[in-house]
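If you read the sequences in order, they're chains A and B.
Just so you know, the first sequence maps onto residues 3 to 120 in the numbering used here.
Just so you know, the second sequence maps onto residues 14 to 128 in the numbering used here.
See structure below.
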Amino acid sequence: DSGVTQTPKHLITATGQRVTLRCSPRSGDLSVYWYQQSLDQGLQFLIQYYNGEERAKGNILERFSAQQFPDLHSELNLSSLELGDSALYFCASSVEGGGIRGSTDTQYFGPGTRLTVL
Amino acid sequence: AQKVTQAQTEISVVEKEDVTLDCVYETRDTTYYLFWYKQPPSGELVFLIRRNSFDEQNEISGRYSWNFQKSTSSFNFTITASQVVDSAVYFCALRQGTGRRALTFGSGTRLQVQP
Numbered sequence: 003d004s005g006v007t008q009t010p011k012h013l014i015t016a017t018g019q020r021v022t023l024r025c026s027p028r029s030g031d032l033s034v035y036w037y038q039q040s041l042d043q044g045l046q047f048l049i050q051y052y053n054g055e056e057r058a059k060g061n062i063l064e065r066f067s068a069q070q071f072p073d074l075h076s077e078l079n080l081s082s083l084e085l086g087d088s089a090l091y092f093c094a095s096s097v098e099g100g101g102i103r104g105s106t107d108t109q110y111f112g113p114g115t116r117l118t119v120l
Numbered sequence: 014a015q016k017v018t019q020a021q022t023e024i025s026v027v028e029k030e031d032v033t034l035d036c037v038y039e040t041r042d043t044t045y046y047l048f049w050y051k052q053p054p055s056g057e058l059v060f061l062i063r064r065n066s067f068d069e070q071n072e073i074s075g076r077y078s079w080n081f082q083k084s085t086s087s088f089n090f091t092i093t094a095s096q097v098v099d100s101a102v103y104f105c106a107l108r109q110g111t112g113r114r115a116l117t118f119g120s121g122t123r124l125q126v127q128p
């Protein structure tokens, strides 16, 4: 158990709908990262938050958004869902991540949310 | 740009055999970090090891060992005396040393250990 929790574990919805995925980081971790794992794209970084602020963006679609709350949990919102959005969405957390200096910290992953869009 | 290549898509071995998973990376950074993660059939990603670019010492942890060679940009992972529980997809990942902390993953190697 990494200490990172994600809910729900599974989500089945229809095209055009909107869903929210939730992540709670490990105790003490300030950074949250979202990744998408799909068969055709593999594991891809979506976005990072550090202590409530967006820190880095990856291959995140405009239909997707995220935020990190004062209690450090994070939510990933996916809207206008398409069949191609079906994937496993992972949240990871790490202790650091807010500065420009190098860091040796490690990202620990949650169990993932499997999203199926029908 | 960073890139991680895991050329072996799938490997099948018989229990107790040794197996090596290859990882080749590309980066322009002088400081960077390499990782291995394991994804068992249950789906979660489990952290195995982190290696810093300035530390080329090989590491052994039980039946697992890692060989880091900067000269060939490789970070290979060997499982000695494989067991059925080692069956999983293994991912190699790279992170730059400063600034952006996102992981760049390889495409993964599926290891099947037959009893």
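Think of the CB as a built atom: it goes at the ideal place given N, C-alpha and C, for glycine as much as any other residue.
Bear in mind that the values here come from a model prediction, so they are computed numbers and not experimental data.
- Among the residues facing chain B, Pro27 of chain A is not included, as its CB has no counterpart in that chain under 8 Å away.
- Neighbours of Pro72 of chain A in chain B, taken as residues at a C-beta separation under 8 Å, are lacking, since the least C-beta distance is about 22 Å.
- Using a CB distance below 7 Å, the part of the region 36 to 58 of chain A facing chain B consists of Gly44, Leu45, Phe47, Gln50 and Ala58, ordered along the chain.
- Listed by position along chain A, the residues whose Cβ is nearer than 8 Å to that of Ser120 of chain B are Gly44.
- Restricted to the region 42 to 116 of chain B, the beta strand (DSSP E) segments that are unbroken, complete and at least 3 residues in length are 45 to 52, 59 to 65, 72 to 74, 77 to 82, 87 to 92 and 101 to 109, listed in chain order.
- Residues of the region 7 to 26 of chain A that bring their beta carbon within less than 8 Å of a beta carbon in chain B are absent altogether.
- Beta-bridge partners assigned by DSSP to Val6 of chain A: none are found.
- Nearest to Leu61 of chain B by alpha-carbon distance, out of B:Thr122, B:Glu23 and B:Cys105, is B:Cys105.
- Thr9 of chain A sits exposed, since fewer than 16 C-beta atoms from the chains shown fall within 10 Å of its C-beta.
- Taking 8 Å as the threshold, the shortest C-beta distance from Leu58 of chain B to chain A falls below it.
- Per the Cβ contact rule, the region 114 to 127 of chain B is not in contact with the region 58 to 75 of chain B (fewer than 3 Cβ pairs under 8 Å).
- In terms of Cβ geometry, Leu90 of chain A and Arg57 of chain A do not form a close pair [threshold 8 Å].
- Neighbourhood of Leu90 of chain A in chain B, by CB distance below 8 Å: Gly56, in chain order.
- For chain A, the residues of the region 91 to 110 of chain B that bring a beta carbon within less than 7 Å of one of its beta carbons are Phe104 and Gly110, in chain order.
- DSSP places Asn79 of chain A inside the beta strand (DSSP E), whose first and last residues are Ser76 to Leu80.
- A distance below 6 Å between beta-carbons, with the five flanking residues on each side excluded, links Gln125 of chain B to the following residues of its chain, in chain order: Ser25 and Ser100.
- In the three-state reduction of the DSSP assignment, Leu85 of chain A falls in the helix class, which pools H, G and I.
- Here Tyr38 of chain B has Val17, Ser86 and Leu107 as same chain residues with Cβ atoms under 6 Å from its own Cβ, once five neighbours each way along the sequence are excluded.
- At least one beta carbon of chain B lies nearer than 8 Å to the beta carbon of Gln109 of chain A.
- Between the region 16 to 35 of chain A and the region 65 to 81 of chain A there are three or more C-beta pairs closer than 8 Å, enough to call the two in contact.
- In chain order, Gly56, Glu57 and Leu58 make up the part of chain B whose C-beta sits under 9 Å from the C-beta of Gly114 of chain A.
- Distance from the CA of Asp87 of chain A to the CA of Val119 of chain A, rounded to the nearest whole angstrom, comes to 7 Å.
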